[in-house]
Amino acid sequence: MEKTNIWKFINDCNVVGYTLIIPSVAVGNVGQLSCDLLISSLNMVKIASIYSPAQIPVIGYDPYDLKSNSLSTSCDIYISDIRKLLVLQLRAPLVHKYASGFLKDVVSTFREKQITDVIILTSSFAHEKKHILSSPFRFVASEGNPHTQNVRKANLVKHEENTGEPKVFGGGFASLLYKICLEYKLPCLILYKYCSEGDNIPDAYDMVQNLSNVVPIFAENQDLLTQLKQPVSWTLLFGRPPPQDIY
Amino acid sequence: MCTFGEIVEPVSRSTWEDWDDEIPDIASLQWQQPLDTFNKIETLFILEGKFISECVKMHPQAHLKLINSVLEVNLHLYEMASNKYVCTIKNYNLLHSSEIVELLKPLIITSDNVVTIQTKTLLEYQTASPVNSPLIIRELSTSKPAPKLWDGKFKRLEQPNIISGVAAGVLCLREHLDLSATTLVYYIEHSEEYQTDEIQQILEKLKIINSICSTQVNGILNSNLYI
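Listed in order, the protein sequences are those of chains A and B.
The numbering of the first sequence is the numbering used here, which starts it at 1 and goes up by one.
The numbering of the second sequence is the numbering used here, which starts it at 1001 and goes up by one.
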């Protein structure tokens, strides 16, 4: 059976020199929540979506605008022209069997479109953190990464690795995507946070804050929290209000 | 449960497969018989969920001809009169959803119209207002408008509610091909009760079943006395 990905471009704009942010579906969905926060806060515009057998299918109406009639699927791509930023938002885990092919397609397509680099946002199991007094954030940067200087300025802790290949436990496909980016000679940065399952919204805020120290996404002369806007789809994240009959 | 002293590491709610270990690939699915080529399909109905599948099974199926199956995922494909097809599916692994959609692709692409119906428990329906009804029906359609097969209009599926699985995959594929499709989601209180009237009514309107069965509860069939 031929497995093909179908790209649907709403707006095939020029993305030369852009940074692509991809969340890896991981512990507490921190990467995805952070991307939701970025899309909502920066009023990013949807430019494309991808149908792929590698995705567990999910569909609903626009999660950022309740009045919109446009559909949102497992994989949508958003753009911020002002910040030269692309976000590929994933709303479901990838199927391992087909993930590599899908990720290669994503990386090769954006490489052809001449983006500058890829940033992978992910998370790792809190119990994997060895130095408990250190920052919960870690990074892995490939050679020639355009953000190296900012990473150093932000005092981020480097991921410790003995095996040669970065392995983020609980980090989903982050390591695989990093490897694919290296294969395609596209600079890549993994930024991850040690955390546990629960209410991971604070982790997403933390992640966006650390990301904005590396990539200038938000205005520096304003408080970051005032610039962040939660997407409307985050309401009822933990279910409906209790039924009135119980009182 | 774990044995004394055993370290049980927490698992993530977000991953179906543990990417940290070697993952055995899920087995590929295939039709029991080679799938015929379809020249023209007027409407393809995809009925997803245990109770809606059983509802079709419980009714006389003289007008439905079983033409193919994928037993691993309880998928059955029936042919109806006038170039219409019905596919029922239940109790499948969510990881198989996209592969099932790929199996159905020749039918999904050829069909003029696709309608999927899915049942979910009322508890899954997210809303800030109190839910007083035992049944909530919501509709989700592609950007390209689909021809209407029933009277009236159902309310659209409001965020943060979303659908997943085969129905979502079918709608997603049709959307990416600029084709029309509609999904009806039935949030039902008693998901054990396959004879929910409203589900039977829509199936009768779509001519998938011929008549509505009595909703008299069969105590023996619905009890947990027999497996």
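Note that beta-carbon positions come from the ideal geometry of N, C-alpha and C, so glycine has one too.
Since the structure is predicted, the reported quantities are computational estimates derived from the model, not experimental observations.
Taking one beta carbon from each stretch, the segment 92-101 of chain A and the segment 223-232 of chain A have fewer than 3 pairs nearer than 8 Å; the two do not touch. For N1113/B, the uninterrupted beta strand (DSSP E) segment begins and ends at S1111 to T1121.
Under the DSSP definition of a beta bridge, T1182/B partners with V1115/B and S1141/B. A straight line joining the alpha-carbon of Q1033/B with that of Q1061/B spans about 21 Å. With contacts defined by Cβ atoms closer than 8 Å, L121/A and L228/A do not form a contacting pair. L1135/B sits in a strand when the DSSP states are folded into three classes. With the rule of 3 Cβ pairs closer than 8 Å, the segment 1068-1075 of chain B counts as touching the segment 1031-1051 of chain B.
DSSP places D245/A in the helix class (H, G or I) of the three-state scheme. For the pair I21/A and L37/A, the CB atoms are not nearer than the 8 Å cut-off. Using a CB distance cut-off of 8 Å, Y61/A counts as an interface residue toward chain B.
Per DSSP, reduced to three states, the secondary structure at S49/A is strand. Straight through space, the alpha carbons of E1124/B and Y1187/B are spaced by roughly 8 Å. D117/A is positioned such that its CB atom lies no closer than 8 Å to that of P166/A. With respect to C1087/B, L1064/B sits apart: the two C-beta atoms are not nearer than 8 Å.
The beta carbon of G31/A is closer than 6 Å to those of P23, S24, L121 and T122 in its chain, skipping five residues each way along the sequence. With respect to chain B, the C-beta atom of S40/A has no partner C-beta closer than 8 Å. The closest CA to that of I1100/B, considering only I1026/B, E1139/B, D1151/B and E1198/B, is found on I1026/B. Annotation: V214/A to A154/A spans about 7 Å, alpha carbon to alpha carbon. The alpha carbon of L42/A has as its nearest neighbour, out of I10/A, Y78/A and S72/A, the alpha carbon of Y78/A.
Going by beta carbons, K1040/B and T1110/B fall inside the 8 Å limit.
Nearest to E1017/B by C-alpha distance, out of N1093/B, E1158/B and T1182/B, is N1093/B.
Against chain A, the CB of I1023/B has a partner CB under 8 Å away; the residue lies at that interface. For L66/A, the chain B residues whose Cβ falls inside 8 Å of its Cβ are E1158 and Q1159, in order along the chain. Pairing K113/A with A48/A, the inter-Cα distance amounts to about 14 Å. For P1134/B, the nearest beta carbon of chain A is not closer than 8 Å to its own beta carbon.
Listed by position along chain B, the residues whose Cβ is nearer than 8 Å to that of V215/A form an empty set, because the closest Cβ is around 24 Å away.
Taking a C-beta distance under 8 Å as the contact criterion, F137/A and N210/A qualify as a contact pair. Within the segment 78-105 of chain A, contact with chain B at the beta-carbon level (separation under 8 Å) is assigned to R91, A92, P93, V95, H96, K97 and Y98. By the beta-carbon neighbour count (other beta carbons within 10 angstroms, threshold 16), L86/A is buried.
K1153/B counts as exposed, since fewer than 16 other C-beta atoms from the protein chains shown sit within 10 angstroms of its C-beta. Within the model, the alpha-carbon separation for V1070/B versus H1176/B is close to 25 Å. In the DSSP assignment, C35/A falls outside any beta strand (DSSP E) and lies within the alpha helix (DSSP H) extending over V30 to S41. At a cut-off of 8 Å between C-beta atoms, H1176/B counts as an interface residue with respect to chain A. Judged by DSSP secondary structure, T73/A falls within the beta strand (DSSP E) whose first and last residues are L71 to T73. Residue-level contact check: S233/A touches chain B, since one or more beta carbons of chain B fall below 8 Å from its beta carbon.
In the three-state reduction of the DSSP assignment, P1160/B falls in the coil class.
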